[in-house]
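**Q**
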Amino acid sequence: MSYHVNEKGYYGEFGGAYIPEMLYPNVEELRQQYLDVMQEDSFQKEFKQLLKEYVGRPTPLYYAKRFSEKYNTNVYLKREDLCHTGAHKVNNTIGQILMAKRLGKNRIIAETGAGQHGVATATVCALMGIECIVYMGAIDMERQAPNVARMKMLGATVIPATSGSKTLKDATNEAIRDWINNPTDTHYIIGSVVGPHPYPDMVARFQSVISEEIKTQLQEKEGRENPDYVVACVGGGSNAAGAYYHYLDNPDVGIIAVEAAGKGIQSGESAATSALGKAGIIHGSKTLLMQTDDGQITEPYSISAGLDYPGVGPMHAHLCASGRGEFISITDAEAMEAGLELSKLEGIIPAIETSHALAIFKNRQFKKDDIIVINLSGRGDKDLNTYIDYFNL
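Per the numbering used here, the very first residue in the sequence shown carries number 10; after that it's consecutive.
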């Protein structure tokens, strides 16, 4: 059984392209061309050169000695926080801006939650001299003000989404409306493994450089390509997709996905889709989705702006439904304590998204000789005000 996308754009029962007729030409143009473009020698040469010389790849695979000693196992951190712009998001935006150029697009739109994807998109648009418009929830703009300023410095126009919960879901709705109204000259750089096919597959392929590097680096350090477990936080799930990609069909490698339980799974303020979701349609694909009995989307909540999405990407929905992936929910409080703990033990301040993945060790036992790779998806600079307020620093 394969856990990769099939030729129709599905992961098991999840995926597909559920889109309005007005969006069909945009999505179909991309679907017909993305694999051919990605396989071009000139594309791969430019993509790999930019990843190396602009993004700073390969990122280190760091053995967290003090953290490992505390939890009596072996923990490696894949340092995506050391990428240019401070998170894994730029792997995908580099790939998509090159895709947009080859498709003849001269205008870029994007959505962002925590701001990391928005910054990464604004960065590559500045690099290529292409107009950039970023939609962001009004609430997210307030709690991620430094990233809003960074996007503006990079030349992007940041437009607040003021409907609904004023967070990532609503920003995505606004970006889709923009794309429908600008079908010919605009490419929509989706930041996660969500949306209609081919986006989940295309983004996962661009992010797969993460697991490709893990295999090589772990071979050098441990004499084996495969960890016992690979762990990542999941909102939409792009960093997780990249970390899992080359291990999806290897049953010897355990896959652990960590979601935001917010103030508690049953508190009414949560984003734990695996626990609370059921099959539904959101932003163009069929996936697990938090919704009411009559199908209305439930507003998600997390202290982490990058995790408060009411669904997950269809790849992750399939991993959850099939049992291939182990899904764990972590509360705000558990994540914040884990972020502080890593800071003090290893001198690394993680993004709050990543802190959720780090928090599993207080709830999940591992063997002493297990090798666990955690994808450290982003750095905590953008979350400093939240850390300050929470711990009264």
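Ideal Cβ placement from N, Cα and C applies to all residues, glycine included. These numbers come from a predicted model, not from an experiment.
Whole-angstrom Cβ separation of Y144 and E120, contact assumed at under 8 Å?
**A** For the purposes of this step, residue 144 is taken as residue 135 along the sequence shown, with counting starting at 1. For the purposes of this step, residue 120 is taken as residue 111 along the sequence shown, with counting starting at 1. About 5 Å separates the two Cβ atoms, so the contact holds.
**Q** What whole-angstrom Cβ distance do S4 and V218 have, given they're in contact under 8 Å?
**A** A question about residue 4 goes unanswered here, because the residues of the chain that appear run from 10 up to 402.
**Q** I need the boundaries of the alpha helix (DSSP H) containing N182, first residue and last residue.
**A** As a first step, residue 182 is located in the sequence shown; it is residue number 173 there, counting from the start. Run containing N182: 177-190, per the alpha helix (DSSP H) assignment.
**Q** Could you tell me which residues DSSP puts in a beta bridge with K87?
**A** Here the question's residue 87 lines up with position 78 in the sequence shown. Bridge partners of K87: L70, N384.
**Q** In terms of residue numbering, what span does the beta strand (DSSP E) encompassing T166 cover?
**A** Against the sequence shown, residue 166 aligns to sequence position 157. Its beta strand (DSSP E) spans residues 166-170.
**Q** Grab me the residues of V202's own chain with a C-beta within less than 7 Å of its C-beta, minus the 5 sequence neighbours each way, in chain order.
**A** Residue 202 sits at position 193 when you count from the first residue of the sequence shown. Excluding positions up to five away in sequence, the list reads P209, V212, A213, G245, G246, S247, A250, G322, M324.
**Q** Whole angstroms are fine: how far does the CA of C141 sit from the CA of E205?
**A** Within the sequence shown, residue 205 is the residue found at index 196, counting from 1. Within the sequence shown, residue 141 is the residue found at index 132, counting from 1. The displayed chain sequence assigns Pro, not Glu, to residue 205. Between P205 and C141, the C-alpha separation is close to 21 Å.
**Q** Taking the C-alpha atoms as reference points, what is the distance between E78 and K376?
**A** In the sequence shown, the residue the question calls residue 78 occupies position 69. In the sequence shown, the residue the question calls residue 376 occupies position 367. Their Cα atoms are separated by approximately 12 Å.
**Q** Can you look up G286 in the DSSP assignment and give me helix, strand or coil?
**A** On the sequence shown, residue 286 is found 277 positions in, with the first residue counted as 1. Coil.
**Q** Compute the distance between the beta-carbons of I306 and K175, then report whether it is under 9 Å.
**A** The count along the sequence shown starts at 1 and reaches residue 306 at position 297. The count along the sequence shown starts at 1 and reaches residue 175 at position 166. In this structure, K175 does not lie closer than 9 Å to I306 by Cβ.
**Q** With three or more beta-carbon pairs closer than 8 Å as the criterion, would you say the segment 46-62 touches the segment 339-348?
**A** No: the two stretches stay apart, fewer than three of their Cβ pairs being nearer than 8 Å.
**Q** Taking the beta carbon of D317 as the centre, do at least 16 other beta carbons fall within 10 Å, making it buried, or is it exposed?
**A** Walking along the sequence shown from the start, residue 317 turns up at place 308. Buried, since its Cβ has 16 or more Cβ neighbours within 10 Å.
**Q** Under three-state DSSP, which class holds H196?
**A** On the sequence shown, position 187 is the one that residue 196 refers to. In the structure shown, H196 sits in a strand (DSSP, three-state: E or B).
**Q** Quick check on the DSSP output: the alpha helix (DSSP H) that includes M108 runs from which residue to which?
**A** Here residue 108 refers to the residue found at position 99 of the sequence shown. From DSSP, the alpha helix (DSSP H) with M108 extends over 98-111.
**Q** Of all the options G293, K371, K353, S331, which has the alpha carbon lying nearest to the alpha carbon of I28?
**A** The residue labelled residue 28 in the question sits at position 19 within the sequence shown. Nearest of G293, K371, K353, S331 to I28, Cα basis: G293.
**Q** Jot down the residue ranges of each uninterrupted beta strand (DSSP E) in the segment 189-266, minimum 3 residues, whole runs only, in chain order.
**A** Those beta strand (DSSP E) runs which fall completely within the segment 189-266 and span 3+ residues are 195-198, 238-242.
**Q** On the three-state DSSP scale, how would you describe C141?
**A** Within the sequence shown, numbered from 1, the residue matching residue 141 stands at position 132. Three-state result, C141: strand.
**Q** Can you name the start and end residues of the beta strand (DSSP E) that T94 belongs to?
**A** Translated into positions along the sequence shown, residue 94 becomes position 85. Note, T94: premise wrong, no beta strand (DSSP E); not H, not E.
**Q** State yes or no: is the C-beta of G387 within less than 9 Å of the C-beta of D90?
**A** Within the sequence shown, the letter at position 378 stands for residue 387. Within the sequence shown, the letter at position 81 stands for residue 90. Contact flag set, yes.
**Q** If distances are taken between C-alpha atoms only, which option among P309, Q300, A241, V262 comes closest to G271?
**A** For the purposes of this step, residue 271 is identified with residue 262 of the sequence shown, where counting begins at 1. Comparing Cα positions, the closest option is P309.
**Q** Would you call the CB atoms of G315 and I361 closer than 9 Å?
**A** Taking the first residue of the sequence shown as 1, we reach residue 315 at position 306. Taking the first residue of the sequence shown as 1, we reach residue 361 at position 352. Cβ distance < 9 Å, so G315 and I361 count as in contact.
**Q** With three or more beta-carbon pairs closer than 8 Å as the criterion, would you say the segment 102-109 touches the segment 257-264?
**A** Touching, no.
**Q** Going by DSSP in three states, L367 sits in which element: helix, strand or coil?
**A** Translated into positions along the sequence shown, residue 367 becomes position 358. Of the three classes helix, strand and coil, the one that applies to L367 here is helix, per DSSP.
**Q** Going by CA-CA distance only, name the one from F76, H93, V128 that's closest to G356.
**A** As a first step, residue 356 must be located in the sequence shown, where it is residue number 347. Among F76, H93, V128, the Cα nearest to that of G356 is on F76.
**Q** What is the DSSP secondary structure of Q300, counted as helix, strand or coil?
**A** Your numbering for residue 300 matches position 291 in the sequence shown. Strand, per DSSP.
**Q** To the nearest angstrom, how far is it from the Cα of I103 to the Cα of S51?
**A** Residue numbering aside, residue 103 sits at position 94 when the sequence shown is read from its first letter. Residue numbering aside, residue 51 sits at position 42 when the sequence shown is read from its first letter. Whole-angstrom Cα-Cα distance: 14 Å.
**Q** Have a look at K114 and Q275 and give me their C-alpha separation to the nearest angstrom.
**A** The residue labelled residue 114 in the question sits at position 105 within the sequence shown. The residue labelled residue 275 in the question sits at position 266 within the sequence shown. Straight-line Cα distance between these residues: approximately 45 Å.
**Q** Tell me whether P323 sits in a helix, a strand or coil according to DSSP, three-state version.
**A** Reading the sequence shown from its first residue, position 314 is the one you call residue 323. DSSP places P323 in helix when its eight states are reduced to three.
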